[in-house]
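What follows is a single structure, written as structure tokens, with notes after it.
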Amino acid sequence: MEQVKQAVRMNNVHYAIRGPLLDAAQKLEKEGRKIYKLNIGNTGAFDFEIDPRIREYVIQNIGKAGGYSDSSGIVEARTAIKAYHEKKGIRNISIDDIYIGNGVSELIAVVMQALLNPGDEVLIPSPDYPLWTASVNLCEGNAVHYMCDEESDWNPDLKDIEKKITARTKAIVIINPNNPTGSVYSKEIIQGIVDIARRHGLIIFSDEIYDRILYDGDIHYSPAAMADDILIFTFNGLSKVHRACGIRAGWMVISGDKSRYSGYLDGIKTLTSMRLCSNVPAQYAIKPALEKDDSIFALTAEGGRLREQRDIIHQMLNDIPGVSCKKARGSLYVFPKFDVERFNIKNDNKFVLDFLNAKNVLMVSGTGFNWPAPDHCRIVLLPPKDDLKEAMVRLKDFLATYRQA
Ligand SMILES: Cc1ncc(COP(=O)(O)O)c(C=O)c1O
Numbered sequence: 000m001e002q003v004k005q006a007v008r009m010n011n012v013h014y015a016i017r018g019p020l021l022d023a024a025q026k027l028e029k030e031g032r033k034i035y036k037l038n039i040g041n042t043g044a045f046d047f048e049i050d051p052r053i054r055e056y057v058i059q060n061i062g063k064a065g066g067y068s069d070s071s072g073i074v075e076a077r078t079a080i081k082a083y084h085e086k087k088g089i090r091n092i093s094i095d096d097i098y099i100g101n102g103v104s105e106l107i108a109v110v111m112q113a114l115l116n117p118g119d120e121v122l123i124p125s126p127d128y129p130l131w132t133a134s135v136n137l138c139e140g141n142a143v144h145y146m147c148d149e150e151s152d153w154n155p156d157l158k159d160i161e162k163k164i165t166a167r168t169k170a171i172v173i174i175n176p177n178n179p180t181g182s183v184y185s186k187e188i189i190q191g192i193v194d195i196a197r198r199h200g201l202i203i204f205s206d207e208i209y210d211r212i213l214y215d216g217d218i219h220y221s222p223a224a225m226a227d228d229i230l231i232f233t234f235n236g237l238s239k240v241h242r243a244c245g246i247r248a249g250w251m252v253i254s255g256d257k258s259r260y261s262g263y264l265d266g267i268k269t270l271t272s273m274r275l276c277s278n279v280p281a282q283y284a285i286k287p288a289l290e291k292d293d294s295i296f297a298l299t300a301e302g303g304r305l306r307e308q309r310d311i312i313h314q315m316l317n318d319i320p321g322v323s324c325k326k327a328r329g330s331l332y333v334f335p336k337f338d339v340e341r342f343n344i345k346n347d348n349k350f351v352l353d354f355l356n357a358k359n360v361l362m363v364s365g366t367g368f369n370w371p372a373p374d375h376c377r378i379v380l381l382p383p384k385d386d387l388k389e390a391m392v393r394l395k396d397f398l399a400t401y402r403q404a
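Numbering (numbering that gives the first Met the number 0), first residue to last: 0 to 404.
Right under this line is the structure:
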């Protein structure tokens with residue numbers, strides 16, 4: 000009998016963070032090697048704990064969590080989400096504008112499925128968090144990448160965004176603070192994107208899952224707080240700021256002018272109803288997290304664990320000849336650049352794999368983040384500082400002689 004192939008619409012769907020490089024690392028682990036994992040933003044894997052008040056509240060309420068909830072989520076969680084985003088300046092929202100999902104990931108898929116016809120275009124940053132591109136491709140849409148400029152602290156190139164808009168463009172994605180670059184956008188940049196969306200009648204999808212992971216006193220600006228005349232989806236959740244990624248609780252807030260979009264919003268309602276509801280025990284984590292847990296600030300402040308790890312990575316990477324790296328001002332990642340001529344790197348997957356095999360350290364190649372050249376990798380800031388230091392010593396050692404074959 001014939002082999003069963005994956006559907007054609009899967010041909011361009013990739014998620015490198017959990018792809019073949021991770022498979023290779025897991026194989027080495029099974030052989031007994033200790034692998035330093037600088038590849039994934041999983042707080043739970045690096046001894047970060049959930050605030051006990053969140054855990055206890057979920058346990059107290061587990062008896063109420065045995066049934067399905069409304070498809071959009073339990074009222075107390077949506078009320079807490081509304082209050083949180085109102086404090087950030089988003090006006091004119093009701094709890095009916097809020098949908099809770101099994102993480103932001105699920106909702107990214109929903110908003111694309113309800114929106115895109117084959118060939119419709121969505122502007123996505125390059126580099127990106129690759130779920131955005133994958134979700135557009137899965138809907139047979141066209142992910143059009145706008146460039147973020149390393150020389151300008153990885154800010155989005157507004158001219159490039161505007162140049163790439165066509166009659167098929169439906170939306171612009173913003174990831175701020177950014178995964179994978181660690182950049183944090185100024186008010187002017189966000190305003191610039193809002194203005195472009197307004198001029199061209201585009202939806203904004205604003206991924207703000209790292210909104211409170213800021214190291215240098217930056218302020219996080221939400222486009223939805225700057226405009227209520229365009230449709231804006233603001234995504235956030237408990238995975239990063241509250242170090243609760245295994246809980247799987249994320250949400251989106253829909254704000255702005257909905258007058259042109261009733262059909263689209265009906266589609267979102269249908270899709271969220273089809274998956275019945277998100278995990279109900281996890282929804283009970285939202286209210287205590289948003290109302291009580293500010294523990295992220297101790298981690299990002301001077302002397303805090305995340306801030307120290309950010310500083311160690313920054314210094315040690317920039318000490319390696321042939322490597323340069325912008326300092327992360329937010330999020331949990333850096334995206335260092337490698338001198339491809341010096342190391343003769345033609346293929347970044349091979350580079351990452353060679354390093355893994357030689358030194359037992361796993362990074363993710365930059366092309367996995369829809370970056371067009373083989374000259375970057377992503378490194379997570381989460382591992383404890385001794386592990387990060389050891390990994391950086393190994394990288395320096397490896398690069399001292401590496402020339403890609
Ligand atoms: C920018 C960005 N958006 C969304 C997600 C997914 O978040 P969630 O755990 O809520 O599905 C991640 C996870 O790493 C992320 O980095």
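Ideal placement from N, C-alpha and C gives every residue a C-beta, glycine not left out.
Asked, Found
"Burial state of PHE446, where buried means 16 or more other Cβ atoms lie within 10 Å", "This structure does not reach residue 446, given that the chain is present from 0 up to 404, and the question cannot be answered."
"Candidates ILE99, GLU55, LYS29: closest to ILE253 by CA position", "ILE99"
"Contact test: SER238 Cβ vs ligand 1 heavy atom, cutoff 7 Å", "yes"
"Contact under 8 Å by Cβ, GLN112 with LEU270", "yes"
"As assigned by DSSP and simplified to three states, the class of PRO51", "helix"
"Given 8 Å, three or more beta-carbon pairs between the region 350-370 and the region 18-32", "yes"
"Exposure of ALA6, with buried meaning 16 or more beta-carbon neighbours within 10 Å", "exposed"
"Same chain, Cβ closer than 8 Å to LEU201, five either side skipped, listed in chain order", "LEU122, ILE164, THR168, LYS169, ALA170, ILE171, ILE195, ILE229"
"Rounded C-alpha distance that separates LEU298 from ALA108", "31 Å"
"PRO373 and VAL333 closer than 8 Å at C-beta", "no"
"Contact test: CYS138 Cβ vs ligand 1 heavy atom, cutoff 7 Å", "no"
"Span separating the alpha-carbon of MET251 from that of ASN175", "15 Å"
"Cβ contact check for the region 199-217 and the region 302-311: 3 or more pairs under 8 Å", "yes"
"Beta-bridge partners of TYR145, as assigned by DSSP", "PRO124"
"Beta-carbon proximity of ALA223 to ILE231, cut-off 8 Å", "yes"
"Cβ neighbours of PRO129 in the same chain (closer than 8 Å, five flanking residues each side left out)", "HIS13, TYR14, ALA15, ILE16, GLY367, PHE368, ASN369"
"Beta-carbon spacing of GLY321, PHE350 below 8 Å", "no"
"Expected contact under 8 Å - CB spacing of PRO124 and CYS147 to nearest Å", "5 Å"
"C-beta contact flag for VAL183 and GLY66 at 8 Å", "no"
"Within 8 Å, strictly: CB atoms of ALA390 and LEU37", "yes"
"PHE354: first and last residue of the uninterrupted alpha helix (DSSP H) it sits in", "347-358"
"Sequence ranges, alpha helix (DSSP H) only - wholly within the region 264-315, length at least 4", "279-282, 285-291, 295-299"
"Endpoints, alpha helix (DSSP H) assigned at ASN136", "130-137"
"Assigned secondary structure, ILE173 (DSSP; H/G/I helix, E/B strand, else coil)", "strand"
"C-alpha distance - LEU387 paired with ILE311, whole-angstrom precision", "8 Å"
"Length at least 3, wholly inside the region 221-262: the beta strand (DSSP E) runs in chain order", "231-236, 249-254"
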